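Here is the structure we will look at, set down as structure tokens.
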Ligand code: SF4
């Protein structure tokens, strides 16, 4: 699945959960609590394919799923630039020391597997918006 397609599908799932919670009177703090991995895997089984395996995308003791993917991620499914003979499709806007550029044949993608930045509660609090798509709008370049 192209990244853009994933973003559009994920935005719909995210929105329907947030709308449901707002209707129930949840405020920002309670919504962030709700998006904790341990709660989400029980209550929102379809939100992430890893929930079925009881597996976290990053080995953090407390992992919050509100900002999956990451506001610092930049991508273009058509390619951003040529790097020598390869095409770069994504990168990290803050050049996190825990991320890296992965080379997969002719393609270069940002590899975030070692970086937990968007999954920390403090980060979610700082970048929170009820509309996930609005937060992630900057990602497509
Ligand atoms: S490396 Fe970390 S901060 Fe950068 S885009 Fe990936 S998850 Fe976000």
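Numbering (our numbering), first residue to last: -11 to 129.
For each residue, glycine too, the CB sits at the ideal point set by N, CA and C.
None of these values were measured; they are calculated from a predicted model.
The beta carbon of residue 48 sits closer than 7 angstroms to the beta carbons of 104 and 107 from its chain, once the five residues preceding and following it are set aside; these are given in chain order. In this structure, the ligand SF4 has a non-hydrogen atom nearer than 7 angstroms to the beta-carbon of residue 86.
Put simply, of 80, 71 and 32 the residue whose alpha carbon is nearest the alpha carbon of residue 93 is 71. 76 is the residue among 17, 76 and 80 whose C-alpha sits nearest the C-alpha of residue 96.
Residue 109 is positioned such that its CB atom lies no closer than 8 angstroms to that of residue 5. Taking all protein chains in view, the Cβ of residue 114 is surrounded by fewer than 16 other Cβ atoms within 10 Å, so the residue is classified as exposed. Residue environment analysis places residue 123 among the buried positions, since at least 16 neighbouring C-beta atoms fall within 10 angstroms of its C-beta.
Taking each of 78, 58, 54 and 30 in turn and checking the Cα distance to residue 91, the smallest one comes out for 78. The ligand SF4 never approaches residue 52 closely enough for any of its heavy atoms to be under 7 angstroms from the residue's Cβ. As a beta-bridge residue in DSSP terms, residue 88 pairs with 99.
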